[in-house]
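Asker: Every position in the sequence shown, counted from 1, becomes a number in UniProt numbering once 2 is added.
One structure, as structure tokens, below. Some questions next.
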Amino acid sequence: ATAKMIVDKDFIIGEVDKRIYGSFIEHLGRAVYGGIYEPDHPLSDEQGFRTDVLELVRSLQTPIIRYPGGNFVSGYDWKDGIGPKESRKKRLELAWRTVEPNQVGLNDFADWCKKAGADIMWAVNLGTQGPEDARSIVEYSNHPGGTYWSDLRAHHGYKEPHAIKTWCLGNEMDGPWQIGHKTAEEYGRIACETAKVMKWVDPSIELVACGSSSRGMVTFPDWEATVLDHTYPHVDYISLHTYYGNKQNDTATFLARSLQMDDFIRSVIATCDYVKAKKRSKKTMMLSFDEWNVWYHSNEADAKIEPWQIAPPQLEDIYNHEDALLVGCMLISLLKHADRVKMACMAQLVNVIAPIMTQTGGKAWKQTIYYPYLHASVFGRGKALVPLIQSPKYDTKEMTDVPYLEAVAVHNEEQSEVTVFAVNRDTDNALPLQVDLRSFGSCRLIEHIVLEHDDLKAVNTADEPDRVKPNNNGNASVADCIVSAMLSKASWNVIRLK
Ligand code: AHR
């Protein structure tokens, strides 16, 4: 059966906030040391940043990058990462049980972000620290001058403020694994008091409160309700995190996981709106999906890592073709909620569950998941349009009525372009698709990009970096504003029209 989709340029979900194409760098594994920063690498610049990695990051047009963690941040003292590098302290890092050399910190990362063309989303430590350290770092980073912390920044060579606009109030504080884990009441109170002082230092900043670490947490969604009850007037976003895996090798279910992501987003929106109603507030809480990805390939290897090394390989998932398909579906999920999800971070960016891999001292290359992320970030800007979809469906061991087609369209008025992002979840058969674009008047095809592979488990490696890569051979055609295409089995498709 043919899958049908109708999109109308007036049926708008919302303006896509480019920050949904954000990413994440944590002081974890080889993300920083051996990833973005490697002074001895032949391709590194005068600051020790790898230019080959920077180029791959820049191509993604990543607008914002969350930093410095993650679980790491809950034991991190940001003051260890400023000032002359030779006098920075090495610390035991308890979240990932490594040694942190502190050779990259706030100012260094701000420089790297400038080179990458991205803004910073800074997470403050609400595990072992609190309002005092949080207000100090806002002063150090954002205050123009004439105070202890802002003058110290100038003394460190950064006269101009970094003007960091977006700040996370801790990380995954609902998780028992978190350094300084808290109950919702405890976290809600400290997040509220921290938010107040941070905004008193710089009223222009925006704050993200920690939501649940996943939809599976026993405290979900009471956590959100309680945290927002304490923080509602003081914060601008609540966070969501989710990771999926295919340990059972059940691809049909794995590719349907993005439907659970949709459900998670809907439940968090409902909880936010419940608190809004309870508080008689005029403000609508927005969502920051600031950790999402596939993560499971590296679990066994990570369990065997010796503690207290500097930057050992950790969370180095090597992604295959089916992972790229789920990542495509997850990006479509974010776009389908463009009215409420205003930020999102693919977790993470380099080496650690990442679209970009490097060899320390060697090459850098693109993992399979790089491609859907690249396409969505580059072509998915504008207005997300309501996708009215009729699709044949399938059942899995865990789920029923999963549509073979996952799709959404984005209208970029400035460029007069509309782009359809579509995944065919059917791993055995091609899926005929018709997209009715009648409200657009006339349109012609620019290109139909396809990411496809006969082997769902195919991966890219340093020696074979192009095993899985997109082609331009999609067969979409347009007649009378109806797009017809045959979506290859197990494929990610980007149909661009003008
Ligand atoms: O992204 C890896 C880890 O996943 C982060 O440190 C943590 O926040 C989450 O559990």
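C-beta: ideal position from N, C-alpha, C; glycine also.
Since we're looking at a predicted model, the values are computed, not measured.
Would you say Met488 and Ala432 are within 8 Å of each other, going by their C-beta atoms?
Answerer: Going by C-beta atoms, Met488 is nearer than 8 Å to Ala432.
Asker: Should the segment 92 to 100 be regarded as contacting the segment 41 to 48, the criterion being three or more beta carbon pairs within less than 8 Å?
Answerer: In short, these stretches do not touch, since the Cβ pair count stays below three.
Asker: Helix, strand or coil: which one does DSSP assign to Leu30?
Answerer: Of the three classes helix, strand and coil, the one that applies to Leu30 here is coil, per DSSP.
Asker: Leaving out the 5 sequence neighbours to the left and right, which residues in its chain are closer than 7 Å to Arg440 when beta-carbon positions are compared?
Answerer: Only Cys483 meet the Cβ criterion.
Asker: So for Trp367, helix, strand or coil by DSSP?
Answerer: Note: Trp367 maps to strand in three-state DSSP.
Asker: For Pro223, which of helix, strand or coil comes out of DSSP?
Answerer: Here Pro223 sits in coil by DSSP.
Asker: Quick check on the DSSP output: the beta strand (DSSP E) that includes Glu419 runs from which residue to which?
Answerer: Element bounds for Glu419: 419 to 426.
Asker: Spatial neighbours of Trp367 within its chain, please: C-beta separation below 7 Å, excluding the five flanking residues on both sides.
Answerer: Here the set comprises Met359, Asn462, Ala464, Pro467.
Asker: How about Gln350: is its Cβ closer than 7 Å to a heavy atom in the ligand AHR?
Answerer: The answer is yes for Gln350.
Asker: To test your reading of the DSSP string, which unbroken beta strand (DSSP E) runs of 3 or more residues are found completely within the segment 306 to 379?
Answerer: Segments of the beta strand (DSSP E) lying fully in the segment 306 to 379: 343 to 348, 358 to 360, 366 to 368.
Asker: Between which two residues does the beta strand (DSSP E) harbouring Lys385 extend?
Answerer: Taken as a continuous stretch (DSSP letters only), the beta strand (DSSP E) holding Lys385 covers 385 to 387.
Asker: Put Gln262 into one of helix, strand or coil per three-state DSSP.
Answerer: Note: Gln262 maps to helix in three-state DSSP.
Asker: Establish whether the CB of Gln180 and some CB of chain C are separated by less than 8 Å.
Answerer: Looking at the structure shown, chain C is missing, and only one protein chain is on hand.
Asker: Would you call Ser215 buried or exposed, if buried means 16 or more other Cβ atoms sit within 10 Å of its Cβ?
Answerer: Buried, by the Cβ-count rule.
Asker: Under 8 Å between the Cβ atoms of Asp176 and Trp225?
Answerer: Taking 8 Å as the Cβ cut-off, Asp176 and Trp225 qualify as a contacting pair.
Asker: Is the CB-CB distance between Val425 and Gly330 below 8 Å?
Answerer: Yes, the pair counts as a contact, with Cβ atoms nearer than the cut-off.
Asker: Under a Cβ-count criterion, where at least 16 other Cβ atoms within 10 Å of its own Cβ denotes burial, should Gly147 be classed as buried or exposed?
Answerer: Gly147 comes out exposed.
Asker: So what does DSSP say about Lys192, is it helix, strand or coil?
Answerer: Before going further, note that residue 192 is Ile rather than Lys in the sequence given. DSSP places Ile192 in helix when its eight states are reduced to three.
Asker: Would the segment 343 to 350 count as touching the segment 127 to 145 if we require 3 or more Cβ pairs under 8 Å?
Answerer: No, they do not touch.
Asker: Hey, out of Ile371, Pro374, Glu88, Arg427, whose CA is closest to Lys395's CA?
Answerer: For Lys395, the nearest C-alpha among the options comes from Arg427.
Asker: Determine the closest residue to Lys491 out of Leu499, His413, Glu408, with distance taken between C-alpha atoms.
Answerer: Of the candidates Leu499, His413, Glu408, the one whose C-alpha sits nearest the C-alpha of Lys491 is Glu408.
Asker: Could you spell out where the beta strand (DSSP E) holding Ala481 opens and where it closes?
Answerer: Run containing Ala481: 479 to 481, per the beta strand (DSSP E) assignment.
Asker: Within a Cβ cutoff of 7 Å, which residues of the same chain sit near Thr130, ignoring the five residues on either side of it in sequence?
Answerer: Excluding residues within five positions, the ones whose Cβ falls inside 7 Å are Ser76, Gly77, Ile181, Gly182.
Asker: Verify the contact flag: His299, CB atom, against every heavy atom of the ligand AHR, threshold strictly below 7 Å.
Answerer: No; taking the cut-off as 7 Å, the Cβ of His299 has no heavy atom of the ligand AHR nearer than that.
Asker: Check the DSSP bridge columns for Cys170 and list the partner residues they point to.
Answerer: BP columns for Cys170 point to Ala125, Val210.
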